[in-house]
Each structure stands twice: as structure tokens, then as C-alpha cells.
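Take a look at the structure below.
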Amino acid sequence: METPRMSTTTDTIRAAAGYLASWVEAQAAHQRVPGVQVAIRSEGELVLDLAVGVADVTTGEPLRTDHLFRIASHSKTFTATAILQLVEQGRLRLDDPVGSYVPELADGGSPVAAVTVRELLGHQGGVIRDGDQADFWQLEYPFPDRATLLADVLAHGHVHERNEHFKYSNVGYSLLGLVIEAVTGTTFAEHLHTAVVAPLGVTHTGAELDPARAGEYAAGHTGLLLGAVDRETIEHVDTRAMAAATGFYSTAADLTVYGSAHCLGDTRLLSDDSKRIMQRLESVVSQDDGTEIGRYGVGIELKTVGKRALVGHSGGYPGHITRTYIDPKAKLVVSVLTNAVDGPADQIAVGLLALVDLALNPPKATDTTSDTATADGDAETPAAEATTADPARFTGRFAGLMGLMDLTVLGGRPVIVHPTYPDPKAAHDELEVLDDDRLLLRAEASFGPAGEVVHLTRAEDGTITSVRVGGMTSWPLADFLARRSSMTRVAAPKVSA
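Under the UniProt record's numbering, the sequence shown has 380 at position 380, and the numbering climbs by one with no breaks.
The structure is reproduced here in C-alpha cells:
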């Protein structure tokens with residue numbers, strides 16, 4: 001069967017959005033995440049804006065798409081953007097030493113005074129990560145103010161020589177916030193609003209906790225340690241002098257607007273020249289045995305997912321774990337925000353990218369005619385090209401004793417996806433329609449039933465009542481749950497009269 005193709009990439013992703021939402025719902029439920037907020041923007045169009053679960057487990061308030069999340073280290077990309085804007089304006093240079101803007105460092109004789117703006121942006125300054133006393137992350141005491149921050153840097157800030165090791169540093173980015181204040185003569189929050197947030201027209205993004213919007217924040221939650229079943233909420237706090245490293249709040253939808261401004265050709269915030277500086281590989285982060293654990297540019301993370309070269313950032317704040325990926329060439333942005341310390345934001349974001357790529361990149365056509373006899377005695381499987389059946393008739397969520405299975409349509413073709421698996425691409429099967437009650441699994445090397453016929457049964461209204469794959473039957477989820485107990489014991493043999 002000829003695979004129908006959408007007119008544009010965005011059309012294809014928009015058509016798949018319903019299933020992407022269903023997949024996220026399954027992931028959230030399976031991993032017991034209180035709430036997940038997701039947005040996907042393609043070529044400037046918001047194709048998915050979703051909220052799943054609750055904003056607060058103690059009240060049961062449903063999570064909304066306009067609930068605010070603390071996006072933590074996403075803040076670094078906002079800070080880097082503001083720095084590059086000031087570079088474009090000729091107000092500072094990337095190779096300026098931080099001590100020329102924060103004189104307390106030079107006056108105190110700290111080696112950190114010689115670290116350049118570029119080195120701080122790329123975490124190559126050898127600066128202490130969070131400070132000698134950093135239990136403010138656990139709300140033991142407030143985040144540091146300027147005086148406390150600088151006192152800690154003077155006493156403990158120098159850890160490595162410049163460019164000796166990649167050393168991720170929230171303290172280093174906090175110093176960049178002080179640089180911005182010195183250059184602009186305004187507070188970090190005021191300048192970031194004027195220079196970065198306002199030009200995008202977003203209204204749910206800011207540089208620091210806003211007490212006036214207290215009721216809009218999704219609660220943060222503790223993790224489920226060692227099988228725990230209960231979570232506690234975590235209070236939101238002001239990050240004070242560390243806002244440039246970790247203070248920002250936003251929504252998934254707003255972050256896709258911001259992310260799209262980092263796509264090539266978009267001039268709302270930066271020139272493409274500056275974006276290339278940010279997105280250029282500065283550091284390959286490896287363990288001693290050579291195992292690569294990450295890549296970093298100038299204020300932004302780099303990662304390859306599938307064949308996509310992505311930029312973006314994660315965020316880890318007490319109670320919120322977040323992730324945004326940007327494909328600057330394809331103009332695709334995926335943002336996932338979770339409201340728990342153990343929230344699988346990165347895993348869900350990577351899974352969504354895999355589903356998008358499954359929709360956009362169907363496998364090459366193969367000869368689907370088979371002369372293998374089936375279990376039902378078919379002498380030959382007819383070629384799939386002969387059917388005109390609508391792939392949309394082959395959709396639904398089904399369950400058997402071994403787990404969940406989705407029949408869905410991606411890129412105009414039917415596929416099987418196992419929605420609780422973390423990698424949907426590795427746990428999917430391509431299908432071709434034979435007739436209204438039969439599908440054919442793509443013939444390929446496999447540990448599963450590749451090349452076999454999938455059999456469906458339908459009710460009078462056409463609803464699928466069961467699916468048999470590899471000889472094993474699955475039913476709609478509610479039907480399976482009703483019969484599950486009877487499937488946990490071997491049925492007693494019937495005794496003839």
C-alpha cells in the first residue's frame with residue numbers, strides 16, 4: 001500500500017498529536033508522575049499543548065497548561081542569550097574577565113577574577129559548582145544574596161584552572177548575572193524581562209519567583225524513594241543571587257516560543273551568528289574511561305537524538321524536573337515539564353522526538369506478498385497494495401497479561417507502539433493493511449513475530465474488540481481488567497459427564 005504523505009512536516013506532526021498526547025498520558029501514569037506539561041512547536045506552530053495529572057497531590061487540583069513551573073537550569077540559556085545580545089551591542093566582550101565587572105573578585109585576590117565571560121558560559125572556568133555550603137537546595141536556609149555569594153567565591157570559588165576541566169557551575173552563572181547587572185545598570189530580572197522575555201510576547205515566563213502569581217505555580221513534589229507510594233509538596237523559594245543560574249519560571253508552551261527564537265533564521269532575540277556561537281560545540285564531557293556523558297556549547301546543551309542535532313537544556317529544581325530540546329534547522333521544539341524530583345522529563349522528551357521521527361520517516365516499502373500459510377489456513381497473504389481500507393480504523397489501546405499495546409496511525413500508516421516503554425522507536429512495529437480484519441507485521445529481522453498476520457475482531461459498529469499478535473490476544477483496557485483475575489490461574493480442565 002502506498003504510504004500517504006502529508007503536505008508538510010508540520011501537517012504530519014499535527015496529525016500525530018492526538019497519539020503523542022495519549023503516549024504521554026500512558027508514560028505519566030506508568031511512572032506515577034503527579035503532573036506533566038508538554039508542548040511541541042513545529043515551524044512556529046504550536047501543534048501540541050498538553051497537561052496531564054495534578055498540580056498538587058494534596059489538593060488534587062488538575063494540572064493546566066498555564067500552570068507555572070520552575071525551570072531551573074533553563075535559566076542559563078536565558079542568561080547566555082542576554083550576554084550574547086550585549087556582545088552584539090558592543091557593551092561587553094566574551095573574552096572579558098569577570099573581575100572587570102565584579103571588582104570584589106579582583107580586590108579579594110581570587111583567581112576567579114581572571115575567568116572570562118566565555119569560560120563561565122561554557123563551564124570552563126573551574127569555578128565551584130554550588131558553593132561550599134549549598135543546602136539551600138534542600139531549603140535548609142535561603143539561597144545566597146550577592147554578599148554571601150561573593151564571600152563564598154572568594155573563600156572557595158577556585159577549584160580547577162581555567163579550561164582544565166569542564167566543571168558545571170551554578171556559581172559561575174550567578175556571576176554572569178552580576179555581569180549583566182553591572183553592564184546594564186538594572187537588576188538581572190528587569191533586564192531579562194526587557195531584553196529576552198518581552199520581545200517574545202510571552203506572559204507566563206519570568207526570571208524569578210513572583211509572589212504575586214503564587215497561586216499559578218504547580219506544586220513541587222518529593223520523589224518516590226525505594227518503592228514509596230506517597231509524595232510531599234515542596235515550597236517554592238526565591239533563588240536570589242543565583243537567579244541567572246536557576247531562577248526562571250515558565251510553561252511548556254512559552255518555552256517552545258523561546259526555543260523557536262533559537263532556530264536559525266529567527267531574529268527576535270539573536271542573529272544567526274550569535275546563535276552559532278551558542279550552539280557550537282565547546283566541550284565534550286567524558287568520564288575517565290572515555291565514556292561520553294554530555295556535550296555543551298556556550299550557554300546551551302548539545303545532544304544528538306536519532307539523526308537530529310539538538311540544543312536546549314534541562315532543569316532540576318526542588319520538586320520540578322524539566323527539559324527542552326530544540327532542532328534549530330528543522331525548527332522543531334519539544335518541552336516537557338514535570339512536578340516531581342524524580343520526574344522523567346528527559347525520557348518523555350526523547351520519546352516524543354522518536355515518535356515524531358517515526359511519523360516523519362516511514363520505512364522503505366517492501367514486498368508484502370507472503371506465500372507462508374497462516375494459522376487460519378490462508379494459502380497466501382494478499383499484497384497490501386490491493387486494499388483501500390482506512391488506517392484510521394485500526395486504532396486503540398489494548399492490554400493482555402504481558403502489558404499494553406497501542407494501534408495507532410503515524411505519518412498516515414498504522415503502527416504498533418508499546419506506550420509504557422521508554423523508547424517508542426525501539427518498541428514499535430510497522431503494519432500494513434491487508435483487509436478490515438487483518439494487518440501484516442513488517443518483515444524484518446526480529447525477536448518478535450515480524451512478518452506474521454495480526455488478526456482483529458470487531459463489534460457490529462466496527463469497534464475493535466480484540467487484537468491477536470503473534471498468536472496472543474489483547475483486549476481493550478477495560479475489558480482486559482475485567483478478565484485479568486481469571487487469567488492469573490490455569491483454568492481447571494473440564495470433566496465430561
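All residues carry an ideal CB built from backbone N, CA and C; glycine is no exception.
Assuming residue i is part of the alpha helix (DSSP H), what are its boundary residues?
i	result
A207	Taken as a continuous stretch (DSSP letters only), A207 belongs to no alpha helix (DSSP H), as it is neither H nor E.
A104	Looking at the sequence provided, one finds Glu at residue 104 rather than Ala. Residues P103 to D107.
Y173	N170 to T184
Y421	No alpha helix (DSSP H) holds Y421; DSSP gives it neither H nor E.
I464	It is not in any alpha helix (DSSP H) - I464 instead sits in the beta strand (DSSP E) that spans I464 to V469.
L149	R146 to H156
D254	A252 to S260
L120	V117 to L121
L192	F188 to L192
Return no unless some Cβ of chain B is closer than 8 Å to the Cβ of residue i.
i	result
I234	Protein chains in the displayed structure number just one, and chain B is not present.
Identify the continuous beta strand (DSSP E) that holds residue i and give its terminal residues.
i	result
R438	R438 to L441
R393	No beta strand (DSSP E) holds R393; DSSP gives it neither H nor E.
T408	G403 to L410
T246	From DSSP, T246 is part of no beta strand (DSSP E) but of the alpha helix (DSSP H) over A243 to T246.
Mind reading off the beta-carbon distance from residue i to residue j? Whole number of angstroms is fine, and I expect it under 8 Å.
i	j	result
P144	V115	19 Å between Cβ atoms; not a contact.
H160	G126	3 Å
residue 555	V454	Shown here, the chain extends from 1 to 497; a query on residue 555 therefore has no answer.
G247	S73	Going by Cβ atoms, the distance from G247 to S73 rounds to 10 Å, so no, they are not a contact pair.
V36	V336	7 Å
A39	L255	7 Å
P476	G400	Actually they are not in contact, since the Cβ atoms of P476 and G400 sit about 11 Å apart, beyond 8 Å.
D231	P493	Checking the sequence shown, residue 231 turns out to be Arg, not Asp. No, R231 and P493 are not in contact; Cβ-Cβ is about 47 Å, not under 8 Å.
V183	L50	In fact, because the Cβ distance is near 39 Å, the residues do not count as touching under 8 Å.
D435	A482	Contact flag wrong, Cβ pair sits at about 29 Å.
G290	E301	The pair is not a contact, with the Cβ atoms about 20 Å apart (cut-off 8 Å).
L46	A253	6 Å
Checking the sheet assignment: what are the DSSP bridge partners for residue i?
i	result
V298	Note: V298 sits in no beta bridge, so no partner.
F480	Answer is none; F480 lacks a bridge partner.
Y317	H320
R280	Bridge partners of R280: none, in fact.
R308	V305
G220	I234
V453	L440
M472	V469
S286	E292
H428	V417
D435	R438
G400	G403
P97	T116
R458	I464
Y141	Note: Y141 sits in no beta bridge, so no partner.
V127	H158
Taking 7 Å as the line, does the beta carbon of residue i fall inside it for any heavy atom of the ligand ADP?
i	result
H158	Here there are no bound small molecules, and the ligand ADP is not part of this structure.
Checklist entry - Which ranges would you report for the alpha helix (DSSP H) in the segment 320 to 355 if only whole runs of at least 4 residues count? => result none
Checklist entry - Are three or more beta carbon pairs between the segment 55 to 69 and the segment 341 to 349 nearer than 8 Å? => result no
Item to check | beta strand (DSSP E) segments (min. 3 residues) lying fully within the segment 15 to 93 | outcome: 35 to 42 and 45 to 56
Next on the checklist: Tell me whether the segment 190 to 205 and the segment 156 to 176 touch, counting them as touching only if at least three CB pairs, one residue from each stretch, are closer than 8 Å.
Outcome noted: no
Checklist entry - Is the number of C-beta pairs between the segment 171 to 191 and the segment 129 to 147 that are closer than 8 Å three or more? => result yes
Checklist entry - If we count Cβ pairs, one from each stretch, closer than 8 Å, do we get three or more for the segment 211 to 223 versus the segment 311 to 330? => result yes
Item to check | Stretch pair the segment 408 to 422 + the segment 355 to 366: three plus CB contacts closer than 8 Å | outcome: yes
Next on the checklist: Any contact between the segment 254 to 270 and the segment 144 to 153? By contact I mean 3 or more CB pairs, one from each, below 8 Å.
Outcome noted: no
Checklist entry - With a cut-off of 8 Å, do at least 3 Cβ pairs link the segment 234 to 242 to the segment 16 to 35? => result no
Item to check | the segment 205 to 215 / the segment 180 to 196 touching (three or more Cβ pairs under 8 Å) | outcome: yes
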